[in-house]
Amino acid sequence: MNIAAYSLQTVNFLSQINQLFPRLSGRLNDTSVYTFRVGVGEDIYHIKRLYNHLQQRYPEGGKAFWSCRTWALLIWQPIYMAVLSVQLLNKAISLEKFGLIVEQADIVAYSLSPRAIYSGKQAHLIHFSGQQIKKLSSYIYSSLSEIIPFNIKLANKLQTDCIVSALLFQNTQYAHCNKFELDKLIAIWLAATGLPDCQGTFCLNTQGKFVGQNFGFNRQACCQEFRLESGKLCDVCPRLPLSERIERITQTERIHYAKS
Numbered sequence: 005m006n007i008a009a010y011s012l013q014t015v016n017f018l019s020q021i022n023q024l025f026p027r028l029s030g031r032l033n034d035t036s037v038y039t040f041r042v043g044v045g046e047d048i049y050h051i052k053r054l055y056n057h058l059q060q061r062y063p064e065g066g067k068a069f070w071s072c073r074t075w076a077l078l079i080w081q082p083i084y085m086a087v088l089s090v091q092l093l094n095k096a097i098s099l100e101k102f103g104l105i106v107e108q109a110d111i112v113a114y115s116l117s118p119r120a121i122y123s124g125k126q127a128h129l130i131h132f133s134g135q136q137i138k139k140l141s142s143y144i145y146s147s148l149s150e151i152i153p154f155n156i157k158l159a160n161k162l163q164t165d166c167i168v169s170a171l172l173f174q175n176t177q178y179a180h181c182n183k184f185e186l187d188k189l190i191a192i193w194l195a196a197t198g199l200p201d202c203q204g205t206f207c208l209n210t211q212g213k214f215v216g217q218n219f220g221f222n223r224q225a226c227c228q229e230f231r232l233e234s235g236k237l238c239d240v241c242p243r244l245p246l247s248e249r250i251e252r253i254t255q256t257e258r259i260h261y262a263k264s
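Quick look at the structure:
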């Protein structure tokens, strides 16, 4: 294909992803705005500015919140894109051609270059995507660590939470696997990214409140939002006893996905 055909393919792909998960707003090769892209430009400078804007917007949050929030903002969109592309569209994307469009203390969209989309068998796509996530996350962690010390175990747990939440989303909305199948899929993805396996789901006592296969989210790490002036512990916060988390999610009738 020529560049025009690749561009059209990418535009159609971005539209499909947005329809499946509207919070993922993609642009074709947009370098006209303040963008973070691995290995291109002053990446540490961009991360530092994002971190500084979070400090200014949430002065009460402290270093624990600022670092967790910066990390979560930088990883959630590429992880969701990588996971949902494989699971819902049977495609894989190169995160080396993936950019983040930043506005002050938020990331408002992502950018994807043409010729970044690949087809193949699902096992190969998961392995490729897992390695892409691993490479990108390692790069972002190294850059963030030059700005502020950030515990690698906490970073890995937040990364695991993001992968699991993406898989929970695609399962609840589209796939409807049973718990055994979902846990197996989670383990495959975590192995592909080099992350330790976890008890990624627990079954809710739904009592007919939810339709289809829905599982509560056994989050591994606290997002630190309780430190904010208006903050409180999330319904799926690991600081809460498991029984209370199940009760909260059942009562609110919500499924929790990306923290961003």
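Residue numbering for the sequence shown follows this note's numbering, beginning at 5 and increasing consecutively.
Glycine is no exception: its CB is placed at the ideal position from the N, C-alpha and C atoms.
None of the values given here were measured: they were computed from a predicted structure.
Cα atoms of I121 and A96: separation of roughly 6 angstroms, rounded to the nearest angstrom. Assignment of beta-bridge partners to V106 by DSSP yields I111. Where R31 is concerned, the enclosing beta strand (DSSP E) starts and stops at 30-32. Taking a 10 Å sphere around the C-beta of H131, we find 16 or more other C-beta atoms and assign the residue as buried. Counting other Cβ atoms within 10 Å of its Cβ, F102 reaches 16 or more and is therefore classed as buried. For F132, the three-state secondary structure derived from DSSP is helix.
Nearest neighbour of S123 by Cα position, chosen from L93, Y55, L189, L32, turns out to be L93. Per DSSP, the continuous alpha helix (DSSP H) segment holding G66 begins and ends at 66-93. Taking 9 angstroms as the cut-off, the Cβ atoms of Q59 and Y178 do not count as close. Short of 8 angstroms from the beta carbon of T205, and not among the five residues preceding or following it, lie these beta carbons of its own chain, in chain order: V168, L172, K183, L186, D187, I190, F219, G220, F221, N222. For I151, the three-state secondary structure derived from DSSP is coil. Scanning W70, P118, F25 for the CA closest to the CA of L12 turns up P118.
In this structure, the straight-line span from the alpha carbon of R243 to that of A9 is close to 50 angstroms. For the set A109, L32, D47, the Cα lying nearest the Cα of Y55 is the one of A109. Taking all protein chains shown into account, S89 has 16 or more neighbouring C-beta atoms within 10 Å of its C-beta and is therefore buried.
Leaving aside the five residues that flank I111 on each side, the residues in its chain whose CB is nearer than 7 angstroms to its CB run, in chain order, L77, Q81, L104, I105. Contact between Q163 and S141 holds, since their C-beta atoms are separated by about 6 angstroms, short of 8 angstroms. The beta-carbon separation of E233 and E64, rounded to 5 angstroms, stays under the 8 angstroms limit for a contact. For L158, same chain residues with a beta-carbon under 8 angstroms away, outside a window of 5 residues either side, are C72, A225 in chain order.
Partner residues in the beta bridge of L116, as assigned by DSSP, are L32, F102. Distances from the alpha-carbon of L32 to those of E100, F17, G66, S115 put S115 closest.
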